[in-house]
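Here is the structure we will look at.
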Amino acid sequence: MDGIHDMGGMHGFGPVPWVADEPVFHADWERRVWGLMFSTTRPEGTTLDGNRHSLERIPPALYLNFSYFERWLYHLSTVLLAEGAITLEELEAGHARADSTPRTDAAGPELVDPYQVEQYRYDIPVAPVFSIGQTVRSGNPHPAGHTRLPRYARGKTGQIILHHGAHVLPDTNAHGKGESPTHLYTVRFAARELWGSEADANDTVQLDIWECHLEAV
Amino acid sequence: MNHDETHDSRDHPDMSHLPSDPALRVRAMESLLVEKGLVRADTIDAYVQTFEHEVGPQNGARVVARAWVDADFRERLLADATAPVGEMGYLGAQATDIVAVENTSSVHNIVVCTLCSCYPWTLLGIPPAWYKSYAYRARVVREPRKVLQEFGVNIGEGVEVRVWDSTAEVRYLVIPERPSGSDDMSEADLAALVSRDSMIGAARLEV
């Protein structure tokens with residue numbers, strides 16, 4: 011979707027709020043949101059891509075006014091409401107309805123394993139269409155749904171520099187339409203191809219782009 | 099999850115009457131979810147403890163230090179980082195396919211996620227707020243030299259700046275330039291030198 015999340019290249023945000031050795035949390039409530047995001051029971055079929063799409067569907071004015079972890083909190087509220095796990099009345103009250111039966115299957119702390127590797131890459135019986143070094147043009151799709159092809163890199167010409175095998179396709183996976191593993195490449199674009207003559211002639215921008223969003227030139 | 103193709107912001111419920119203070123909202127949310135059996139407070143604690151303290155840039159720093167002292171490891175890392183990072187035990191959450199890119203006197207790499215906040219958690223921990231800021235996401239793909247200058251990193255003319263926008267489940271690790279004066283240091287001492295920001299490409303290192 012052409013949403014507010016697709017910020018690459020936008021003007022007007024001012025200086026980067028960089029500080030040396032910035033801590034990763036600035037308040038305890040941010041820690042609770044981080045933990046809630048990964049600990050809360052979600053229905054089977056919940057995907058990382060679906061969660062990303064939910065975050066990018068936060069209304070633009072709210073998105074910009076929220077801090078990062080406020081966006082996560084809002085996302086969690088909306089998906090749990092949509093999934094019927096909680097009701098707006100319960101959220102307002104901060105308490106379960108009197109007739110609600112608590113679940114007993116919430117994940118315990120023993121299941122927290124940062125080194126568990128999730129699979130996004132698959133072997134598929136289809137050969138990649140493009141090869142390293144090949145010149146390609148990115149597509150110009152404007153789907154209402156989820157895609158990971160940012161606006162600034164649509165319809166641009168670049169070169170394949172890496173092939174990553176076939177990866178889960180966010181465009182379908184976010185919508186419960188299957189993982190559709192598709193060959194994934196890193197494409198190098200000259201900064202001037204993306205930003206015009208004001209960009210430095212030496213500079214490049216690299217993006218990972220799925221085969222369905224590329225065509226030979 | 100709503101799978102309706104035409105969904106947009108209209109299917110978001112109006113929650114504007116809920117408390118505006120996020121600390122109050124998250125407290126109400128956590129207590130509700132605990133009461134409903136949808137989450138356990140001790141699991142939240144474990145996630146926070148693990149990702150704030152046990153997983154972090156010390157992992158990435160060990161990969162960088164090894165690349166500096168072991169030419170064979172460096173070569174394998176730059177060819178395909180997933181296997182060597184896996185051998186060190188650092189594949190995991192948000193780090194299943196890794197590409198390592200090396201900063202040199204002629205190339206400066208810097209990593210961003212313009213669409214959200216993709217970041218190699220098991221190598222670098224939780225991303226800092228500046229990395230997730232609108233200004234960084236918007237600007238670094240377009241004017242990386244200016245952003246780097248604001249970070250105190252001046253890029254000379256003729257140097258190529260390569261910006262890596264993490265749009266898939268591939269995560270990028272910058273191998274910063276080994277600082278001069280570090281020749282006699284041990285691998286462990288070198289790892290202690292390597293900052294988080296240098297592995298994003300946002301800082302240079304000094305002894």
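As you go down the protein sequences, you meet chains A and B in turn. The first sequence maps to residues 11 to 227 in the working numbering. The second sequence maps to residues 99 to 305 in the working numbering. Backbone N, C-alpha and C fix where the C-beta goes; we use that ideal spot for every residue, glycine too.
Going by beta-carbon coordinates alone, are residue i and residue j separated by less than 8 Å?
{"i": "V34(A)", "j": "P111(B)", "result": "no"}
{"i": "R123(B)", "j": "L83(A)", "result": "yes"}
{"i": "D181(A)", "j": "P160(A)", "result": "no"}
{"i": "L221(B)", "j": "V161(B)", "result": "yes"}
{"i": "R131(A)", "j": "A184(A)", "result": "no"}
{"i": "L189(B)", "j": "Y78(A)", "result": "no"}
{"i": "T194(B)", "j": "E267(B)", "result": "yes"}
{"i": "L121(A)", "j": "Y162(A)", "result": "no"}
{"i": "T145(A)", "j": "P151(A)", "result": "no"}
{"i": "G18(A)", "j": "R235(B)", "result": "yes"}
{"i": "T127(A)", "j": "E221(A)", "result": "It should be noted that the sequence gives Val, not Thr, for residue 127(A). No, Cβ-Cβ distance for V127(A) and E221(A) is not below 8 Å."}
{"i": "G143(A)", "j": "I170(A)", "result": "yes"}
{"i": "E100(A)", "j": "L130(B)", "result": "yes"}
{"i": "W228(B)", "j": "W28(A)", "result": "yes"}
{"i": "T265(B)", "j": "A117(A)", "result": "no"}
{"i": "M297(B)", "j": "G184(B)", "result": "no"}
{"i": "G60(A)", "j": "A233(B)", "result": "no"}
{"i": "V251(B)", "j": "R302(B)", "result": "yes"}
{"i": "N212(A)", "j": "G254(B)", "result": "no"}
{"i": "K134(B)", "j": "A106(A)", "result": "yes"}
List, in chain order, every chain A residue whose beta-carbon is nearer than 8 Å to that of residue i.
{"i": "I224(B)", "result": "V34, F35 and W44"}
{"i": "T148(B)", "result": "V122 and P124"}
{"i": "A191(B)", "result": "P124, Y125, Q126 and E128"}
Between which two residues does the beta strand (DSSP E) harbouring residue i extend?
{"i": "L262(B)", "result": "One point to set straight first is that residue 262(B) is Trp, not Leu, in the sequence displayed. E258 to D263 is the span of the beta strand (DSSP E), which, as asked, contains W262(B)."}
{"i": "G79(A)", "result": "The identity of residue 79(A) in the sequence shown is Phe, whereas the question assumes Gly. Taken as a continuous stretch (DSSP letters only), F79(A) belongs to no beta strand (DSSP E), being part of the alpha helix (DSSP H) at Y78 to A92."}
{"i": "W220(A)", "result": "T214 to W220"}
{"i": "N207(B)", "result": "V205 to V210"}
{"i": "G175(A)", "result": "T167 to H177"}
{"i": "L189(B)", "result": "Unbroken run through L189(B): none, as it is neither H nor E."}
{"i": "S148(A)", "result": "T145 to S148"}
{"i": "V43(A)", "result": "Element bounds for V43(A): not the beta strand (DSSP E) but the alpha helix (DSSP H), D38 to S49."}
{"i": "Y130(A)", "result": "Element bounds for Y130(A): n/a, residue is neither H nor E."}
Which residues in chain B have a C-beta closer than 8 Å to the C-beta of residue i? List them in chain order.
{"i": "L194(A)", "result": "A266 and V268"}
{"i": "R113(A)", "result": "K134, G135 and L136"}
{"i": "D133(A)", "result": "Near D133(A) there are no residues of chain B at all, since even the closest Cβ is about 14 Å away, more than 8 Å."}
{"i": "R158(A)", "result": "L213, T265 and A266"}
{"i": "S207(A)", "result": "Within chain B, no residue comes near S207(A); the closest Cβ sits about 13 Å away, beyond 8 Å."}
Could you pull the start and end residues of the alpha helix (DSSP H) that residue i belongs to?
{"i": "E248(B)", "result": "P242 to E248"}
{"i": "A177(B)", "result": "A169 to A177"}
{"i": "A141(B)", "result": "Residue 141(B) is actually Thr in this sequence, not Ala. A139 to Q147 is the span of the alpha helix (DSSP H), which, as asked, contains T141(B)."}
{"i": "R235(B)", "result": "Y232 to R237"}
{"i": "T192(A)", "result": "Careful: T192(A) lies outside any alpha helix (DSSP H), inside the beta strand (DSSP E) at T192 to A200."}
{"i": "I298(B)", "result": "R294 to I298"}
{"i": "V29(A)", "result": "From DSSP, V29(A) is part of no alpha helix (DSSP H); its letter is neither H nor E."}
{"i": "A289(B)", "result": "E285 to L291"}
{"i": "A184(A)", "result": "That residue, A184(A), is in no alpha helix (DSSP H); it is neither H nor E in DSSP."}
Name the chain B residues whose beta carbon is nearer than 7 Å to that of residue i?
{"i": "L217(A)", "result": "D263 and T265"}
{"i": "A106(A)", "result": "L130, E133 and K134"}
{"i": "R62(A)", "result": "C214"}
{"i": "E80(A)", "result": "P120"}
{"i": "L50(A)", "result": "In the sequence on display, residue 50(A) carries Thr and not Leu. Per Cβ cutoff of 7 Å: L131, L136 and V137."}
Pop quiz: residue i and residue j are said to be a contact at Cβ under 8 Å. What is the actual Cβ separation, rounded to whole angstroms?
{"i": "L136(B)", "j": "E102(A)", "result": "About 17 Å separates the two Cβ atoms, so there is no contact after all."}
{"i": "G299(B)", "j": "I196(B)", "result": "15 Å between Cβ atoms; not a contact."}
{"i": "V239(B)", "j": "V210(B)", "result": "6 Å"}
{"i": "R62(A)", "j": "C214(B)", "result": "6 Å"}
{"i": "N146(B)", "j": "G45(A)", "result": "A quick correction: the sequence has Val, not Asn, at residue 146(B). At roughly 5 Å, the Cβ-Cβ gap stays under 8 Å, so V146(B) and G45(A) are in contact."}
{"i": "V26(A)", "j": "E248(B)", "result": "6 Å"}
Out of the options, point me to the one whose CA is closest to residue i's CA.
{"i": "G155(A)", "options": "G165(A), V127(A) and G186(A)", "result": "G186(A)"}
{"i": "A200(A)", "options": "V178(A), G168(A), H193(A) and P135(A)", "result": "G168(A)"}
{"i": "D263(B)", "options": "A179(B), P277(B) and Y217(B)", "result": "Y217(B)"}
{"i": "S114(B)", "options": "V29(A), F76(A), G149(A) and P119(A)", "result": "F76(A)"}
{"i": "D16(A)", "options": "M283(B), S231(B), G154(B) and P182(B)", "result": "S231(B)"}
{"i": "P274(B)", "options": "R164(B), A139(B) and S118(B)", "result": "R164(B)"}
{"i": "T56(A)", "options": "I219(A), L86(A) and E40(A)", "result": "L86(A)"}
{"i": "G104(A)", "options": "A121(B), Y229(B) and E185(B)", "result": "A121(B)"}
{"i": "A177(B)", "options": "L172(A), L72(A) and A209(A)", "result": "L172(A)"}
{"i": "E258(B)", "options": "D281(B), V292(B), E200(B) and A286(B)", "result": "E200(B)"}
{"i": "A191(B)", "options": "A95(A), Q129(A), I96(A) and S110(A)", "result": "Q129(A)"}
{"i": "R198(A)", "options": "R164(A), G188(A) and T88(A)", "result": "R164(A)"}
{"i": "P155(B)", "options": "S141(A), R41(A) and E32(A)", "result": "E32(A)"}
Measuring from the CB of residue i, is there a heavy atom of the ligand NAP at a distance below 7 Å?
{"i": "H105(A)", "result": "In the structure on display, the ligand NAP does not appear, and there are no ligands present to speak of."}
Which residues of chain A have a Cβ atom closer than 9 Å to the Cβ of residue i, listed in chain order?
{"i": "H151(B)", "result": "Correct list: empty, because the minimum Cβ distance to chain A is about 10 Å."}
{"i": "R243(B)", "result": "D210 and D213"}
{"i": "A126(B)", "result": "L101, E102, A103, G104 and H105"}
{"i": "S275(B)", "result": "Checking the displayed sequence, the identity of residue 275(B) turns out to be Glu instead of Ser. Per Cβ cutoff of 9 Å: no residues; E275(B) is ~17 Å from chain A at best."}
List the residues of chain B whose Cβ lies closer than 9 Å to the Cβ of residue i, in chain order.
{"i": "S87(A)", "result": "P111, M113, L116, R123 and M127"}
{"i": "D16(A)", "result": "T212 and L213"}
{"i": "V29(A)", "result": "P226, A227 and W228"}
Using 8 Å as the limit for Cβ to Cβ distance, is residue i near chain E?
{"i": "R174(B)", "result": "The structure shown contains no chain E; its protein chains are A and B."}
Name the chain A residues that come within less than 7 Å of residue i, Cβ to Cβ?
{"i": "A236(B)", "result": "M17, G18, G19, M20 and F23"}
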